[in-house]
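Its first residue numbered 0, the sequence shown is counted upward by one per residue in numbering that gives the first Met the number 0. Positions of the beta carbon are idealized from the N, C-alpha and C atoms, including for glycine.
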Amino acid sequence: MPHTTPSSVEASTAASWAGDGQPGRSIAIHQPNFLPRLNTLGKIFAADVWVVLDDVQFARRDYQHRARLASLNDPTQTRWLTLPTHLASGRSTTIRDARVVQPDYVATRSYRMLRDHYGHSPRWSMVEHCLAPVWDELRRTDSLARVAELSTRAILNALGWRGRVLRSSAMPTRPGRSQRLLDLVQVAGGHQYLCGTGGIGYLDVGLFEAHGITVTRCSPAPSRFWEHGRCLSSVHYLVKYGTTRLNHEFAVIRRQSE
Numbered sequence: 000m001p002h003t004t005p006s007s008v009e010a011s012t013a014a015s016w017a018g019d020g021q022p023g024r025s026i027a028i029h030q031p032n033f034l035p036r037l038n039t040l041g042k043i044f045a046a047d048v049w050v051v052l053d054d055v056q057f058a059r060r061d062y063q064h065r066a067r068l069a070s071l072n073d074p075t076q077t078r079w080l081t082l083p084t085h086l087a088s089g090r091s092t093t094i095r096d097a098r099v100v101q102p103d104y105v106a107t108r109s110y111r112m113l114r115d116h117y118g119h120s121p122r123w124s125m126v127e128h129c130l131a132p133v134w135d136e137l138r139r140t141d142s143l144a145r146v147a148e149l150s151t152r153a154i155l156n157a158l159g160w161r162g163r164v165l166r167s168s169a170m171p172t173r174p175g176r177s178q179r180l181l182d183l184v185q186v187a188g189g190h191q192y193l194c195g196t197g198g199i200g201y202l203d204v205g206l207f208e209a210h211g212i213t214v215t216r217c218s219p220a221p222s223r224f225w226e227h228g229r230c231l232s233s234v235h236y237l238v239k240y241g242t243t244r245l246n247h248e249f250a251v252i253r254r255q256s257e
């Protein structure tokens, strides 16, 4: 869906869109990432609403189609788990238009790679059950956006997250990076925008504040647990520490964001 440009003032952006549920308080906006990194998952977990940014340009150097795994004994020993992706429109292809190549084969290969990497952990059976819907979905569709989003939701569900999920491609916005993010927050019914460390530098915070939206930097306090959280998949931490530890760490981030 192309971006919509409202003809009236900014308040009409939210008013003209038929949302699916009650307005949320805090909003996280992030691209669909395949088996997302720990920091990304923590930001989404801290929010009441996750707006899936699915209509922006796909980037091969990003994490939309790949996840970094690591040895449970040494997090510096890493390898990529990648979904081979076809871009019909070349570099201008959006995430929602990107397609996984040979999805059925890739589903089997990805599962086996994870099993070979983490299958010796006593928590593997839990993680295996958690991610089973992801491989099923990958056998049904070649949509990268759907598979990546589901991989995030599967882990969030395992951790008991009860937030809402919306997609930017179905929401009216106006041009301009900060303006568009503001529109997405307003359409989602939020009054707080949770911003990661990578996005705070380019954000026009004054624009948000002028419209009554609080911008909160959502990042964990430095600790050994979070040392590699910006690089490694959250699956690594789920296998190594389990849901109880992750829930504790994410609860701290959520409290800090309130």
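* To do: Flag this pair as yes or no: are the beta carbons of residue 237 and residue 157 separated by less than 9 Å?
  => For the 9 Å CB-CB criterion, residue 237 and residue 157 form a contact.
* Mark residue 248 as exposed unless 16 or more other C-beta atoms lie within 10 angstroms of its C-beta, in which case mark it buried. => By the 10 Å Cβ count, residue 248 comes out buried.
* **Pairwise C-alpha distance: residue 88 and residue 225** => Each residue's Cα considered, the two are about 37 Å apart.
* Evaluate residue 20 with the Cβ neighbour count: other Cβ atoms within 10 Å of its Cβ, from every protein chain shown; 16 or more gives buried, anything less gives exposed. => Low local confidence applies: a pLDDT of 42 at residue 20 is under 50, so the model's placement there is unreliable, with the coordinate-based value given in what follows. Label assigned to residue 20: exposed.
* Asked: Quick one: Cα of residue 116 to Cα of residue 70, how far?
  -> Rounded to whole angstroms, the gap between the alpha carbons of residue 116 and residue 70 is 7 Å.
* Collapsed DSSP secondary structure at residue 129 in the structure displayed -> Reduced to three states, the DSSP call for residue 129 is helix.
* Mind checking residue 258: buried by the 16 CB within 10 Å criterion, or exposed? -> The requested residue 258 does not occur in the structure, where the chain is confined to residues 0 to 257.
* To do: Pull up the distance between the alpha-carbon of residue 219 and that of residue 255, whole angstroms please.
  => Each residue's alpha carbon lies about 9 Å from the other.
* Please list, in chain order, all residues of the same chain as residue 66 whose beta carbon is under 6 Å from its beta carbon, the five residues on each side excluded. => Correct list, in chain order: 33, 34, 80, 232.
* To do: Look at the alpha carbon of residue 154 and the alpha carbon of residue 241, and state the distance between them as a whole number of angstroms.
  => Going from the Cα of residue 154 to the Cα of residue 241 covers about 11 Å.
* residue 152 versus 48, 183, 229, 24, residue with shortest Cα-Cα distance -> Nearest in C-alpha terms to residue 152, of all of 48, 183, 229, 24, is 48.
* Asked: Based on the DSSP secondary-structure assignment, which residues constitute the bridge partners of residue 26?
  -> For residue 26, which the question treats as bridged, DSSP gives the partners 48, 192.
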